[in-house]
Amino acid sequence: MNDPEIINLNNSTFRRLISAKEIEEKIALLAQQIRKDMGNAEVPVFLCILKGAFVFAADLVRNYDGLCELQFLRLSSYSGTDSTGEVKAYPGLDTDKLKGRRVVIVEDIVDTGLSMNYLLKDLRKYKPRTLDVAALFTKPSRLCHDVKVDYSCFEIPDAFIVGYGLDYDGLYRNLPAIYVKE
Ligand code: IMP
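Residue numbers for the sequence shown follow the working numbering, so the first one is 13 and each next one is one higher.
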């Protein structure tokens, strides 16, 4: 899909807020900044928060000019069980791989900060050496939890956005730019 200024989908009109090119440029700069901060000896673990951050994480790691690992985590209100019947907090996440490592949480958007606040506290139990947050978007006017976002691409006003991985009711994740519903 390309990124026109106005699109009509599902009987709703969406206006483009940030173009695909602007996103691409910001992510390239962000990847360079993280690379610089990591230095040559580090192999960071990028931890992509599903589902919304999948596009951002894919572009971030492809712009990261150095060795890195990528892991995925799904925040959900329920926990899965593995074959032994043991309850796993994060099915699919190899938590042993976080110990002693420089971990960068890759999130689509920090809105009120509720999820990130929880995640930061919870992931510390796996003993990463450092735990940073890279968010594509922050909504500073909505933030009401004590969350430090170390790397952020765009600060946006209090509006509900879709596209570039972000959805509304499961739709619009495939839009290449960021849109607001009119
Ligand atoms: P928080 O816990 O209030 O910070 O909310 C974070 C999560 O809410 C994000 O990871 C998104 O999944 C979702 N979210 C918040 N704002 C938006 C938005 O404008 N568009 C799409 N999803 C959003």
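Backbone N, C-alpha and C define an ideal beta-carbon position, used for all residues, glycine too.
Query raised in the report: Which same chain residues, not among the five before or five after P152, have their C-beta less than 6 Å away from its C-beta?
Result: Within the sequence shown, the letter at position 140 stands for residue 152. Taken in chain order, the residues that qualify are E167.
Query raised in the report: Does the distance from the C-beta atom of I121 to that of L148 stay below 8 Å?
Result: Taking the first residue of the sequence shown as position 1, residue 121 is located at position 109. Taking the first residue of the sequence shown as position 1, residue 148 is located at position 136. Their beta carbons are under 8 Å apart, which means I121 touches L148 by this criterion.
Query raised in the report: S127 by DSSP, collapsed to three states: which one?
Result: Walking along the sequence shown from the start, residue 127 turns up at place 115. Note: S127 maps to helix in three-state DSSP.
Requested in this report: Compute the Euclidean distance between the alpha carbons of T93 and P103, then round it to the nearest angstrom.
Outcome: Along the sequence shown, read from residue 1 onward, the residue named residue 93 stands at position 81. Along the sequence shown, read from residue 1 onward, the residue named residue 103 stands at position 91. Here T93 scores only 44 on pLDDT, less than 50, and its place in the model should not be relied on; the value that follows carries that caveat. Going from the Cα of T93 to the Cα of P103 covers about 7 Å.
Query raised in the report: Would the C-beta of G182 count as close to the ligand IMP, meaning under 7 Å from any of its heavy atoms?
Result: The residue given as residue 182 occupies position 170 in the sequence shown. Outside the cutoff, so no.
Query - Distance between V145 and K160 (C-alpha atoms, nearest Å) - result: Taking the sequence shown and counting its residues from 1, the one referred to as residue 160 is at position 148. Taking the sequence shown and counting its residues from 1, the one referred to as residue 145 is at position 133. Their backbone Cα atoms lie some 7 Å apart in a straight line.
Report task. Taking all protein chains shown into account, decide if D71 is buried (16 or more other Cβ within 10 angstroms of its Cβ) or exposed. Result -> Numbered from 1 along the sequence shown, position 59 holds the residue referred to as residue 71. Looking at its Cβ environment, which holds 16 or more other Cβ atoms inside 10 Å, D71 is buried.
Query raised in the report: Is the stretch 162–179 touching the stretch 18–36 in the sense that three or more CB pairs, one from each, lie closer than 8 Å?
Result: yes
Report task. Measure the beta-carbon distance from A69 to C60 and round it to whole angstroms, keeping in mind my assumption that it falls under 8 Å. Result -> What you label residue 69 is simply residue 57 of the sequence shown in a count that begins at 1. What you label residue 60 is simply residue 48 of the sequence shown in a count that begins at 1. Yes, they are in contact, since the Cβ atoms of A69 and C60 sit about 4 Å apart, within 8 Å.
**Report entry** Same chain, Cβ closer than 8 Å to K111, five either side skipped, listed in chain order
**Finding:** The residue labelled residue 111 in the question sits at position 99 within the sequence shown. For K111, where only same-chain residues beyond five positions count, the Cβ hits under 8 Å are Y138, K139, P140.
Query raised in the report: Within the present structure, is the beta-carbon of L59 separated from the nearest heavy atom of the ligand IMP by less than 7 Å?
Result: Residue mapping note: residue 59 aligns to position 47 of the sequence shown, counting from 1. Because no heavy atom of the ligand IMP lies under 7 Å away, the Cβ of L59 does not count as near it: no.
Report task. Out of E17, T25, Q44, L82, point me to the one whose CA is closest to K193's CA. Result -> Looking up residue 193 in the sequence shown gives position 181. Looking at the Cα atoms, T25 is the closest of the given residues.
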